[in-house]
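Novice:
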Amino acid sequence: MTGVGKRLYCFCHWGGKRKIDTARNVTYEGGITVAVLLTEGTSYNAFVPLVCEHLGIDPKGKVLYYSAKLDKTQYICLKNDSQLKAMLELNDEIADVYVAHADGVLRCSNPALQQIPVESGANGYVDHANDGSSGSSSNIAMQPIPNRSNEEPNTNLCGNDIMASIPKHIENSPLVAAMHKKAILEKGQLFDSPEEFQSAVEKHSLENNFEYTVKDNSYEYMSARCKVDGSDGLQTGLSSNLVSGLIVEKPSADPCSLSKRIHKDQSDFDVEANYQKLWRARKKAKEAINGKPEDSYKLIPWMCKRLMESIPGTVAKWTCSDENKFRQLFVAYGCSITGFHNGCRELLFVDAYHLSGPYKDTLLSASALDADDGLYPLAYGVVNTDNDENWLWFLEHLKSIMMDRHVVLVSDRNPSFLSAANKVFGSDYNAHCLSHLKESLDYFISSNPVLKMGTDKKKIALKLLNDIAYARTTDKYEAMLGKMRLLKEELYDWVVSTGPEHWANSLFPGRRWDKIFTSQLESFNRFVQEERDLPVVGFITAHRLKLSELLLRKQSEVAKWETPVGGKIEMKIKENQNLAVGLNHHTISPTNMEVHENGETFAVALDMKSCSCREWEMTGIPCRHACCAVTAANTNIYDYVEKCYMKETQEQIYASNMPSVPIHDMPTLSELHGNDPNSLVGSMSILHPPPDKRPPGRPRKKQIDSQLQDKRKLHCSRCHKVGHNRSTCKEQPSC
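If you read the sequence shown in the UniProt record's numbering, its first letter stands for residue 1, the second for the next number, and so on.
1. What did DSSP end up calling C12 once you bin it into helix, strand or coil?
2. Would you call M484 buried or exposed, if buried means 16 or more other Cβ atoms sit within 10 Å of its Cβ?
3. For T473, which residues of its own chain have a beta-carbon under 7 Å away from its beta-carbon, when the five flanking residues on both sides are left out?
4. Between which two residues does the beta strand (DSSP E) harbouring F444 extend?
5. Quick check: the stretch 440-459 against the stretch 485-502, are there 3 or more CB pairs under 8 Å?
6. At the level of alpha carbons, what is the spacing between E93 and K60?
7. With DSSP collapsed to three states, give me the class of F508.
8. Would you decide whether M658 is buried or exposed? Buried here means 16 or more other CB atoms lie within 10 Å of its CB.
9. Would you list the residues sitting across from P377 in a DSSP beta bridge?
10. Excluding sequence positions up to five away, which residues of its chain have a Cβ less than 8 Å from the Cβ of T601?
11. If you scan the stretch 605-667 from start to end, which runs of the alpha helix (DSSP H) of 4 or more residues do you find wholly inside it?
12. Which residues does DSSP pair with Q328 in a beta bridge?
13. Three or more C-beta pairs under 8 Å: does that hold for the stretch 333-341 against the stretch 354-363?
14. For D514, I'd like the list of residues in its chain whose CB is within less than 7 Å of its CB, leaving aside the five on either flank, ordered along the chain.
15. Put I94 into one of helix, strand or coil per three-state DSSP.
16. Taking all protein chains shown into account, do 16 or more other C-beta atoms lie within 10 angstroms of the C-beta of V350, making it buried, or fewer, making it exposed?
17. May I ask you to report which of helix, strand or coil DSSP gives I588?
18. Return the first residue and the last residue of the alpha helix (DSSP H) that S400 is part of.
19. Within 10 Å of its beta-carbon, does S727 have 16 or more other beta-carbons around it, so buried, or fewer, so exposed?
20. Secondary structure at D351, three-state DSSP: helix, strand or coil?
21. On the DSSP letters alone, give me the boundaries of the alpha helix (DSSP H) that K72 sits inside.
22. Taking the CB atoms as reference points, tell me whether T27 and F11 lie closer together than 7 Å.
23. Please give the ranges of any alpha helix (DSSP H) in the stretch 29-56, keeping only runs that are unbroken, at least 4 residues long and fully inside the region.
24. Work out the CA separation of V630 and E396 for me, nearest whole Å.
25. Looking at the unbroken alpha helix (DSSP H) that takes in L464, where does it start and where does it end?
26. Which residues in the same chain as H406 place their Cβ atom closer than 7 Å to its Cβ, once the five residues preceding and following it in sequence are excluded?
27. Compute the Euclidean distance between the alpha carbons of V424 and W391, then round it to the nearest angstrom.
28. By how many angstroms is the C-alpha of K647 removed from the C-alpha of R327?
29. Return the Cβ separation of residue 754 and L579 in integer angstroms, given the expectation that the two are a contact with Cβ distance under 8 Å.
30. Taking buried to mean at least 16 other C-beta atoms within 10 Å of its own C-beta, is R553 buried or exposed?
31. Using a 10 Å radius around the Cβ and a threshold of 16 neighbouring Cβ atoms, would you call N634 buried or exposed?
32. Let me confirm a value: D96 is counted as buried when at least 16 other C-beta atoms fall within 10 Å, else exposed. Which label applies?
33. Is the stretch 365-384 touching the stretch 428-445, taking contact as three or more C-beta pairs under 8 Å?
34. Compute the distance between the beta-carbons of Y98 and H13, then report whether it is under 7 Å.
35. With DSSP run on the structure shown, which of helix, strand or coil describes F602?
36. Within 10 Å of its beta-carbon, does R544 have 16 or more other beta-carbons around it, so buried, or fewer, so exposed?
In structure tokens:
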């Protein structure tokens with residue numbers, strides 16, 4: 001409620017141009033500016049003639065706008081008594097009032113368009129060019145575009161879809177920069193479709209910085225006019241169609257990056273838009289760039305065939321159900337297979353990841369390590385769900401490219417994977433991740449009230465489990481296991497029941513190169529993080545390109561190695577050499593020594609590359625005892641490092657490049673459904689998307705609120721202040 005006798009001095013503007021600087025300060029240049037006193041109780045019908053009288057203009061056909069004290073850059077419409085009262089409420093002592101044409105025709109300081117009639121037909125057609133004269137109204141005529149039943153109504157011209165606005169520094173906006181050429185160029189310009197013409201009109205309004213409204217919309221033409229007099233800071237409605245089109249037009253168009261942080265769109269395109277508008281724009285841009293997800297499955301047979309034709313040695317297989325619905329995909333590139341057999345160790349990290357998209361597919365991966373312990377993607381698969389059958393199918397194809405090599409599979413103990421791996425590779429070489437095992441022990445302790453273990457004892461139990469896993473000799477293993485038994489008998493039973501032969505160093509039958517954790521799986525997860533949002537065929541292409549970049553980068557890096565081994569291995573060698581300083585040794589023969597540490601004696605055989613601590617044997621890198629012996633023998637430490645870590649091995653791993661794969665002739669949907677029996681496309685199977693998966697639980701009815709949306713603030717009904725409610729109000733109640 002306004003105070004009694006409140007007065008407001010209104011600076012009324014007409015015929016000039018508003019300027020807004022980078023600090024959002026507003027000035028008015030040119031035209032006429034007069035001061036009019038507004039008092040409380042003045043009606044709208046009395047205020048408008050008073051303003052026009054002072055300006056010396058006819059009040060007929062005029063409408064007023066004003067700005068609020070909190071934000072001088074915004075226009076607020078002034079059409080009735082209630083809005084006049086609102087202007088009194090939103091301003092103190094002074095207010096700016098702008099006069100405009102009520103029919104939406106306002107003169108811009110640099111009008112962009114003239115009245116443009118349009119010939120009837122399929123294409124938009126500009127009949128008159130812009131003559132650049134000042135003071136004339138801006139009018140646009142266009143073919144009306146009927147709304148499609150399954151598409152978002154394009155209502156921005158009518159002012160019903162004002163969800164995005166152009167900021168005040170529009171001249172330097174990346175949004176305008178994204179439009180690489182002017183939308184409307186000259187008289188007689190043709191457009192391929194009414195949609196293109198409508199988009200051109202909207203872009204033209206952005207380029208010339210004016211808001212427009214539709215004056216007439218008929219089946220013969222659509223007429224739109226500039227709405228407000230020469231303002232640099234007008235809000236202009238942007239449809240999601242336009243925003244998505246600008247995303248597609250960007251040279252670095254990447255829907256993946258948009259999916260990571262949707263609010264980044266606002267800074268990328270310099271627009272103030274709500275979450276729903278940008279989400280629709282993102283979805284349309286993704287479909288424009290990558291196609292619809294359901295159509296991607298139809299191209300899988302063609303893509304697999306093209307990969308095997310273009311990349312020698314590539315294995316690309318797929319299966320479907322009896323109804324031709326997609327089930328499984330396996331891809332291993334020939335260059336990856338060759339590099340693996342040229343130098344990678346017999347060690348694979350296997351895991352499953354959920355893919356984004358409407359069909360919730362699962363990505364299966366198998367990755368190796370190169371000579372510097374770097375990630376080496378070997379094969380991947382896409383399946384409709386994570387189950388025993390799909391894992392069995394994937395591992396069978398994985399084994400087919402192993403060439404009878406016995407590999408160790410490191411996993412997170414996925415039950416479906418373990419069941420399939422035992423059938424395909426046997427159970428002896430299944431290595432379990434210690435990190436997941438420790439999580440299981442933590443849960444076992446927390447969920448078992450009988451144990452009655454506090455936080456301190458739980459930490460002791462987890463440390464003992466870590467010591468059991470890292471123990472390299474059976475004596476050390478038994479000693480640590482005995483300590484666990486002394487702590488709690490139930491914990492001892494739990495450790496024995498988990499199959500320590502799959503995760504304890506001293507009991508594992510194969511050589512796992514001291515890789516107890518699956519941290520490499522996180523590396524692969526980051527490697528495909530952005531591609532996981534793409535349709536299947538888009539994922540295949542993006543993964544292939546990223547892998548080719550990885551191969552080239554590794555080739556360049558290995559050429560710069562200054563030591564016989566890579567950086568990671570060099571650090572481990574230096575660490576062991578530093579630990580060897582101060583150790584005592586006794587020479588038995590030129591190649592055999594005894595090294596003493598903390599009262600223990602370790603036998604080192606340089607010719608056998610072994611130490612009784614077993615670290616050298618398990619890692620392939622000389623342990624601290626071996627480093628002491630090498631120093632005493634005055635020999636080269638790199639002569640005792642396993643060949644799999646050497647520079648020559650790294651060069652052999654990355655000797656093969658990824659050949660280019662031509663996809664310019666990828667068939668269209670109409671070609672896929674063609675009936676020509678002589679064409680390659682016509683003879684291919686047409687895959688359909690997998691069945692939709694119903695998520696567990698009751699379907700959610702209420703939409704999840706966006707973090708970008710403003711939260712409703714609490715208002716106190718006692719003191720009428722913001723930030724708390726009546727129950728927590730600290731104001732004294734009035735009598």
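For glycine and all other residues, C-beta sits at the position ideal for the given N, C-alpha and C.
Specialist: Straight from the coordinates:
1. The sequence position of residue 12 within the sequence shown is 12, counting from 1. Correct three-state label for C12: strand.
2. By one-based count along the sequence shown, residue 484 stands at place 484. Its Cβ being crowded by 16 or more others within 10 Å, M484 is buried.
3. As a position in the sequence shown, residue 473 is number 473, starting the count at 1. Cβ within range, chain order: S506 and R614.
4. Position 444 of the sequence shown holds residue 444. Per DSSP, F444 belongs to no beta strand (DSSP E); it is in the alpha helix (DSSP H), L434 to S446.
5. yes
6. Counting from one through the sequence shown, the residue named residue 93 turns up at place 93. Counting from one through the sequence shown, the residue named residue 60 turns up at place 60. If you take the alpha carbons of E93 and K60, they lie about 28 Å apart.
7. As a first step, residue 508 must be located in the sequence shown, where it is residue number 508. Reduced to three states, the DSSP call for F508 is coil.
8. Numbered from its first residue, the sequence shown carries residue 658 at position 658. Answer is buried; the Cβ neighbour count reaches 16.
9. For the purposes of this step, residue 377 is taken as the residue at position 377 of the sequence shown. Paired residue(s): S367.
10. The residue you call residue 601 lines up with position 601 of the sequence shown. Here the set comprises E594 and V595.
11. 615-619, 624-633 and 647-653
12. Translated into positions along the sequence shown, residue 328 becomes position 328. DSSP output for Q328 lists T319 and V383 as bridge partner(s).
13. no
14. Counting from one through the sequence shown, the residue named residue 514 turns up at place 514. Within the same chain, D514 has close Cβ partners M618 and T619.
15. The count along the sequence shown starts at 1 and reaches residue 94 at position 94. Reduced to three states, the DSSP call for I94 is strand.
16. Residue mapping note: residue 350 aligns to position 350 of the sequence shown, counting from 1. Under this definition V350 is a buried residue.
17. Indexing the sequence shown from 1 puts residue 588 at position 588. It is a strand residue.
18. Taking the first residue of the sequence shown as 1, we reach residue 400 at position 400. D388 to S400 is the span of the alpha helix (DSSP H), which, as asked, contains S400.
19. Sequence index remark: in the sequence shown, residue 727 carries index 727 (1-based). Exposed, because fewer than 16 other Cβ atoms sit within 10 Å of the Cβ of S727.
20. Residue 351 sits at position 351 when you count from the first residue of the sequence shown. Looking at D351 - three-state DSSP - the assignment turns out to be strand.
21. Here the question's residue 72 lines up with position 72 in the sequence shown. Careful: K72 lies outside any alpha helix (DSSP H) and carries neither H nor E.
22. What you label residue 27 is simply residue 27 of the sequence shown in a count that begins at 1. What you label residue 11 is simply residue 11 of the sequence shown in a count that begins at 1. Their beta carbons are not under 7 Å apart, which means T27 does not touch F11 by this criterion.
23. 44-55
24. As a first step, residue 396 must be located in the sequence shown, where it is residue number 396. As a first step, residue 630 must be located in the sequence shown, where it is residue number 630. Rounded to whole angstroms, E396 to V630 spans 44 Å at the Cα level.
25. Position 464 of the sequence shown, counted from the start, is the residue given in the question as residue 464. Run containing L464: T455 to Y470, per the alpha helix (DSSP H) assignment.
26. By 1-based counting over the sequence shown, the position of residue 406 is 406. E346 and Y429.
27. By 1-based counting over the sequence shown, the position of residue 424 is 424. By 1-based counting over the sequence shown, the position of residue 391 is 391. Approximately 10 Å, taken between the alpha carbons.
28. For the purposes of this step, residue 327 is identified with residue 327 of the sequence shown, where counting begins at 1. For the purposes of this step, residue 647 is identified with residue 647 of the sequence shown, where counting begins at 1. Answer to the nearest angstrom: the Cα atoms are 41 Å apart.
29. Because the chain in this structure spans residues 1 to 735, residue 754 falls outside the shown range and cannot be described.
30. Counting from one through the sequence shown, the residue named residue 553 turns up at place 553. Result: exposed.
31. The residue given as residue 634 occupies position 634 in the sequence shown. Classification of N634: exposed, given that the 10 Å Cβ count is below 16.
32. Indexing the sequence shown from 1 puts residue 96 at position 96. D96 comes out buried.
33. no
34. Indexing the sequence shown from 1 puts residue 98 at position 98. Indexing the sequence shown from 1 puts residue 13 at position 13. Going by C-beta atoms, Y98 is nearer than 7 Å to H13.
35. Here residue 602 refers to the residue found at position 602 when the sequence shown is read from its first residue. Correct three-state label for F602: strand.
36. Taking the first residue of the sequence shown as position 1, residue 544 is located at position 544. Buried: at least 16 other Cβ atoms inside 10 Å.
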